[in-house]
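J.: One structure, as structure tokens, below. Some questions next.
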Amino acid sequence: MSTQPDSYFIRIDENRYRPTELTGGAWALTEQHISPMIGLIVHAIDRYVAGRAPDGMVVGRISVDILGVVGLEDFDLHVETVRPGRTIELVEATVVAKDRPAVRARVWRLSAHDTSSVAGGQGERLPSPDDLARWAMSETWSGGYISSLDVRPVGAPTPGRTTAWVSTPARLVAGEPSSTLARFVGLVDTANGIAARQPPTEWLFPNLDLSIHLFRQPAGEWVGLDTTVVFGAHGQGLTSTVLHDLAGPVGHAEQILTVRPARR
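Going by our numbering, the first residue of the sequence shown is number 444, and it counts up by one from there.
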């Protein structure tokens with residue numbers, strides 16, 4: 444009898460990983476959902492910068508371009524510095540699957556300073572997930588990734604507008620601790636699925652990218668997604684999300700969508 448894995452990925456060597464069934468995508472069971480991959484990218488960047496002298500920087504922006512489908516096979520992940528610096532640094536990560544770049548991410552790291560005396564404008568916090576009921580997203584979406592989630596909506600989900608908390612018991616990489624930021628980012632791409640404007644059996648609306656801007660570093664195991672989805676009249680859509688942890692908003696995420704009818 445097989446048992447369900449407790450992580451999204453297994454490390455093969457320093458740069459090579461194997462996805463588990465928990466990465467199974469919502470659009471196709473033979474493809475990886477991109478959300479755990481984005482968390483893995485941050486995990487790999489964490490390891491990359493940890494190999495150098497401490498610099499006191501924090502992540503301010505994560506910009507991901509999805510260049511193609513990533514199947515459920517082994518892949519490589521490489522990290523390099525694009526723009527070094529003492530106060531700002533740009534790091535790039537590239538996922539290579541079947542000998543081609545499949546995902547490319549750029550991360551701006553910024554020097555940290557005490558700005559608590561001028562902090563403000565963050566907005567209100569969301570109700571605690573402890574008092575909310577779980578939502579079976581698997582009734583709408585298939586795949587191992589969706590089944591790995593604990594999703595708790597704040598109010599009834601509606602087409603194009605949903606606020607929900609998301610968490611997972613699964614590790615990013617088997618046997619390896621991950622930073623709070625990597626685990627947090629690994630759940631953000633779920634936003635496009637919680638507020639679907641149309642049934643995914645009738646319309647396709649995968650995102651081509653994900654951009655995350657942070658004004659503070661998240662804490663805890665829960666990711667709050669206050670999400671709005673807009674479809675335009677010419678095949679484009681946009682998923683916009685205010686990101687929360689239990690203390691309140693931490694930043695924003697945007698996803699551009701390609702909208703088209705499902706094949707029948």
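Built from N, CA and C at the ideal position, the CB exists for glycine as well.
Excluding the five sequence neighbours on either side, which residues of its own chain have a C-beta within less than 7 Å of the C-beta of Ala625, listed in chain order?
T.: Taking the first residue of the sequence shown as position 1, residue 625 is located at position 182. Cβ within range, chain order: Gly482, Val485, His486, Asp489, Leu615.
J.: Might you give, ordered along the chain, the residues of its own chain that have their beta carbon closer than 7 Å to the beta carbon of Thr524, omitting 5 neighbours on each side?
T.: For the purposes of this step, residue 524 is taken as residue 81 along the sequence shown, with counting starting at 1. Same-chain partners within the cutoff: Glu532, Val534.
J.: If I follow the unbroken alpha helix (DSSP H) through Val702, where does it start and stop?
T.: As a position in the sequence shown, residue 702 is number 259, starting the count at 1. Careful: Val702 lies outside any alpha helix (DSSP H) and carries neither H nor E.
J.: What three-state label does DSSP hand Ser581 in the structure shown?
T.: Here residue 581 is taken as the residue at index 138 of the sequence shown, counted from 1. If DSSP states are grouped into helix, strand and coil, Ser581 belongs with the helices.
J.: Between which two residues does the alpha helix (DSSP H) harbouring Asp489 extend?
T.: Translated into the one-based positions of the sequence shown, residue 489 becomes position 46. It spans 477-493 - the alpha helix (DSSP H) in which Asp489 sits, taken as one unbroken run.
J.: Since Pro600 and Trp470 should fall inside the 8 Å C-beta cutoff, what is the C-beta to C-beta distance between them, to a whole number of angstroms?
T.: Mapped onto the sequence shown, residue 600 falls at position 157. Mapped onto the sequence shown, residue 470 falls at position 27. That belief does not hold up - the Cβ atoms of Pro600 and Trp470 are roughly 19 Å apart, past 8 Å.
J.: Using a 10 Å radius around the Cβ and a threshold of 16 neighbouring Cβ atoms, would you call Leu465 buried or exposed?
T.: Locating residue 465 in the sequence shown gives position 22, where the first residue counts as 1. Looking at its Cβ environment, which holds 16 or more other Cβ atoms inside 10 Å, Leu465 is buried.
J.: Check Ser450 in the structure and name its three-state DSSP category.
T.: Sequence index remark: in the sequence shown, residue 450 carries index 7 (1-based). It is a strand residue.
J.: May I ask you to report which of helix, strand or coil DSSP gives Ala536?
T.: Translated into the one-based positions of the sequence shown, residue 536 becomes position 93. Strand at Ala536.
J.: For a test of your reading of the model: does the CB of Ser622 fall under 7 Å from any non-hydrogen atom of the ligand FMN? Yes or no.
T.: This structure lacks the ligand FMN, and indeed carries no ligand of any kind.
J.: Please report the straight-line C-alpha distance between Leu686 and Arg549, rounded to a whole angstrom.
T.: Here residue 686 refers to the residue found at position 243 of the sequence shown. Here residue 549 refers to the residue found at position 106 of the sequence shown. Rounded to the nearest angstrom, the two C-alpha atoms are 19 Å apart.
J.: Rounded to whole angstroms, how far is the Cβ of Leu647 from the Cβ of Arg703, which I believe are closer than 8 Å?
T.: Along the sequence shown, one-based indexing puts residue 647 at 204. Along the sequence shown, one-based indexing puts residue 703 at 260. Contact flag correct, Cβ pair sits at about 5 Å.
J.: What are the partner residues of Asn650, as DSSP defines its beta bridges?
T.: Locating residue 650 in the sequence shown gives position 207, where the first residue counts as 1. Asn650 is bridged to Leu700.
J.: Look at Leu630 and Val609 and say whether their C-beta atoms are less than 8 Å apart.
T.: In the sequence shown, the residue the question calls residue 630 occupies position 187. In the sequence shown, the residue the question calls residue 609 occupies position 166. Yes, they are a contact pair.
J.: Using a Cβ-Cβ cutoff of less than 8 Å, which residues in the same chain neighbour Leu592 once the five nearest sequence positions on both sides are dropped?
T.: Within the sequence shown, residue 592 is the residue found at index 149, counting from 1. Only Met580, Val609, Ser610, Thr611, Leu630, Thr633 meet the Cβ criterion.
J.: Give me whichever residues DSSP pairs with Val673 in a beta bridge.
T.: The sequence position of residue 673 within the sequence shown is 230, counting from 1. In DSSP, Val673 forms a bridge with Leu681.
J.: Given Met480, which residues of its chain have a CB within under 7 Å of its CB, disregarding the five upstream and five downstream residues?
T.: For the purposes of this step, residue 480 is taken as the residue at position 37 of the sequence shown. Excluding residues within five positions, the ones whose Cβ falls inside 7 Å are Val513, Val538, Val546.
J.: So which of Ser554, Ala705, Ala690, Asp669 has the shortest CA-CA distance to Met500?
T.: As a position in the sequence shown, residue 500 is number 57, starting the count at 1. Met500 has its Cα closest to that of Ser554, out of Ser554, Ala705, Ala690, Asp669.
J.: According to DSSP, which residues form a beta bridge with Leu624?
T.: Residue 624 sits at position 181 when you count from the first residue of the sequence shown. Note: Leu624 sits in no beta bridge, so no partner.
J.: Within 10 Å of its beta-carbon, does Gly694 have 16 or more other beta-carbons around it, so buried, or fewer, so exposed?
T.: For the purposes of this step, residue 694 is identified with residue 251 of the sequence shown, where counting begins at 1. Buried, by the Cβ-count rule.
J.: Measure the beta-carbon distance from Leu668 to Gln698 and round it to whole angstroms, keeping in mind my assumption that it falls under 8 Å.
T.: For this step, residue 668 is matched to residue 225 along the sequence shown. For this step, residue 698 is matched to residue 255 along the sequence shown. That pair is no contact at about 11 Å.
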